[in-house]
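Below is one structure, written out as structure tokens, with a few remarks after it.
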Amino acid sequence: METPLETQRLTIYIGEADQWHGRPLWRVLLERLRREGLAGATVLRGLAGFGAHSRIHTATLVRLSEDLPLVLVVIDRADRIERVLPAISAMVAEGLITLEPIQVVKYGHRFLPQIPSERQVGDVMSHGVVTAHPDTPLTEIARLLLRELFTAVPIVDDQDRVVGIVSDGDFLRWPELALRFGRPEGLSDTTLNELLAELHAGQHTASEIMTTPVVTIRANRPVVEAANLMVQRNLKRLPVVDAEGRLVGMLSRIDVLRTVAREARVPAGAKPVHGELHVLRDVMRSDVPRVAPEARLPEIVDKMAASDLKRVIVVDDEQRPVGVITDGDLVARVRPAERPGVLQALAARVGHAGPAATGDQRAADLMSTPVLTAPEDTTILAATQRLVAEQRRRLVVVDEAGRLSGIVDRQSLLSALLGGGVHR
1497 METPLETQRL TIYIGEADQW HGRPLWRVLL ERLRREGLAG ATVLRGLAGF GAHSRIHTAT
1557 LVRLSEDLPL VLVVIDRADR IERVLPAISA MVAEGLITLE PIQVVKYGHR FLPQIPSERQ
1617 VGDVMSHGVV TAHPDTPLTE IARLLLRELF TAVPIVDDQD RVVGIVSDGD FLRWPELALR
1677 FGRPEGLSDT TLNELLAELH AGQHTASEIM TTPVVTIRAN RPVVEAANLM VQRNLKRLPV
1737 VDAEGRLVGM LSRIDVLRTV AREARVPAGA KPVHGELHVL RDVMRSDVPR VAPEARLPEI
1797 VDKMAASDLK RVIVVDDEQR PVGVITDGDL VARVRPAERP GVLQALAARV GHAGPAATGD
1857 QRAADLMSTP VLTAPEDTTI LAATQRLVAE QRRRLVVVDE AGRLSGIVDR QSLLSALLGG
1917 GVHR
């Protein structure tokens, strides 16, 4: 919005029960204003009031279904309001519309793409979800997670109703397995069979470690609602169910980000506002553990165990990232004789006591390359598109000189798209 131009406030007083072609009038008005490109609108619900018919409406507990008063407020340039006013006026059969000039003292908005409001969960969820039952052996679930690159397996009953979910984090009783889920493509058949031996011997089942109850969502709910739920509950995925609770699909963070990358649009005329959440600098996490290429195994493991990022960034003398070491890299690439010590040291991060790791392998021998990086001033939309295109979970953020600044992951991008918090 260009504040030096004439600015007006449009206020619309209607009732909660007012309809437009069978739909709530307030929702239809909001959608019309958004399609017309207005800066924004807010609907306020009154506690009590009366209108032209002099009936008093209240929000007391015994009368929650009353036709409570609603106020829809729009502030924008006079020419934009003038353009939509005839259509809005025609839709308000009973009510009050006022228009008054105002002075805008400050206006700032996030330079962010919008998650398509018309998209429903069923439009973007993954179908054909592989499931298990409560009595499924954990060896079978572990093989699915490790071999099929799944991140979680829903647990259903005989009617396909979701009763639990098993993810990599649920295997923390077996840290060797839990640490392997970070990089399943590096796991040989021999190593996999060795790691599964304990589970097979114990005859453990999904019911022992599954998370329950499970947070689910219906297929007809808006994608933006699902995204908010994921951010608020810090969930990587949501099982999608029908009215009877039967599983019909799975929605993950990457499904939402893929939708944003493909369909989202930055609002017309939006301009970056200093301090708002519109570039990676504003949302990145800066407490990233780093080591030099010459760093030895004990230092690498210590840095990794002290952080919840499950990785360290290898930087050169100029602090430019040259490689990444994940916990999975360590398990897959350390010498067999040193692997038990590494596993026990990393397991201490998840509550399993163990001795310090030993060994003389260097970071340069253990790291993965190249590093997927992005400048600090990369927009949220561009970062989302790149993360989706590269099928990665994280982006390493660098400054104008290419030095390590921070890191962003799917959760932080999704949170930023919804106006969430910032990591520092």
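Under the working numbering, residue 1920 is the last one in the sequence shown; the count climbs by one each step, no gaps. Beta carbons are placed, not taken as given, at the ideal position from N, Cα and C, and that holds for glycine. Being a predicted model, the structure only gives us computed values, none of them experimental.
Ranked by how close their Cα comes to the Cα of Met1706, the residues Asp1666, Leu1743, Val1744, Ile1713 have Asp1666 in first place.
A direct Cα-to-Cα measurement between Ile1821 and Ala1628 gives close to 32 Å. Apart from the 5 residues on each side of it in sequence, Ser1803 sits with its Cβ closer than 7 Å to the Cβ of Pro1785 in its chain, given in chain order.
In this structure, Glu1527 sits away from Ala1574, with a CB-CB distance that is not shorter than 8 Å. Residue environment for Leu1891: buried (at least 16 other C-beta atoms within 10 angstroms of its C-beta).
With contacts defined as CB atoms closer than 8 Å, Leu1568 and Leu1525 qualify as a contacting pair. In the structure shown, the three-state DSSP call for Gln1515 is strand.
Separation of Arg1807 and Val1662 (C-alpha to C-alpha, rounded to the nearest whole angstrom) is 23 Å.
A contact between stretches requires three or more CB pairs, one per stretch, nearer than 8 Å, and the stretch 1650 to 1659 fails this requirement with the stretch 1747 to 1755. The criterion of a C-beta distance shorter than 8 Å is satisfied by Val1736 and Thr1712. The C-alpha of Leu1564 lies about 6 Å from the C-alpha of Gly1542.
Between the stretch 1824 to 1836 and the stretch 1870 to 1881, the count of C-beta pairs closer than 8 Å stays below three; the two stretches do not touch. The C-beta distance from Ser1703 to Pro1650 rounds to 13 Å, too long to meet the 8 Å contact threshold. Excluding residues up to 5 positions away in sequence, Pro1789, Glu1790, Ala1791, Arg1792 lie with their Cβ nearer than 7 Å to the Cβ of Arg1858 in the same chain. When beta bridges are read from the DSSP output, Leu1743 appears opposite Val1737.
Taking a C-beta distance under 8 Å as the contact criterion, Ile1611 and Leu1913 qualify as a contact pair. Under a 10 Å Cβ-count criterion, Arg1519 is classified as exposed, with fewer than 16 other Cβ atoms of the shown protein chains found around its own Cβ. Apart from the 5 residues on each side of it in sequence, Leu1540 sits with its Cβ closer than 6 Å to the Cβ of Val1567 in its chain, given in chain order. In the DSSP annotation of this structure, the continuous segment of the beta strand (DSSP E) that includes Val1893 starts and ends at 1890 to 1894. Assignment of Gln1815 by DSSP, reduced to helix, strand and coil, places it in the coil class. By the CB criterion at 8 Å, Val1838 and Ala1879 fall outside the cutoff.
With fewer than 16 other beta carbons inside 10 angstroms of its own, Arg1523 counts as exposed.
Under the three-state reduction of DSSP, Thr1880 is assigned to helix. Taking C-beta atoms as the reference points, Arg1781 and Ser1911 fail to come closer than 8 Å.
The beta carbon of Thr1594 sits closer than 6 Å to the beta carbons of Thr1507 from its chain, once the five residues preceding and following it are set aside; these are given in chain order. In the DSSP secondary-structure assignment, Val1617 is not bridged to any residue. Shown here, Arg1906 sits in a helix according to DSSP, grouped into three states. By the Cβ-count criterion, Asp1856 is exposed, with fewer than 16 other Cβ atoms from all chains shown falling within 10 Å of its own Cβ. Relative to the Cα of Leu1529, the nearest Cα in the group Ile1809, Glu1886, Glu1578, Ser1748 belongs to Glu1578. Counting only runs of at least 3 residues, the stretch 1623 to 1658 fully encloses the following beta strand (DSSP E) elements, listed from N- to C-terminal order: 1648 to 1652. Taking every protein chain shown into account, the CB of Ala1544 has fewer than 16 other CB atoms within 10 angstroms, so this residue is exposed.
Selection Ile1598, Val1617, Gly1536, Glu1532 evaluated against Ala1583 yields Glu1532 as nearest (Cα-Cα). With fewer than 16 neighbouring CB atoms inside 10 Å of its own CB, Arg1831 falls in the exposed class. Of the candidates Arg1742, Ala1586, Gln1815, the residue whose Cα lies closest to the Cα of Val1652 is Arg1742.
For Ile1598, the CB contacts under 6 Å within the same chain, skipping 5 residues up- and downstream, are Thr1503, Arg1505 in chain order.
DSSP places Ala1722 outside any beta strand (DSSP E); the residue lies instead in the alpha helix (DSSP H), whose first and last residues are 1719 to 1729.
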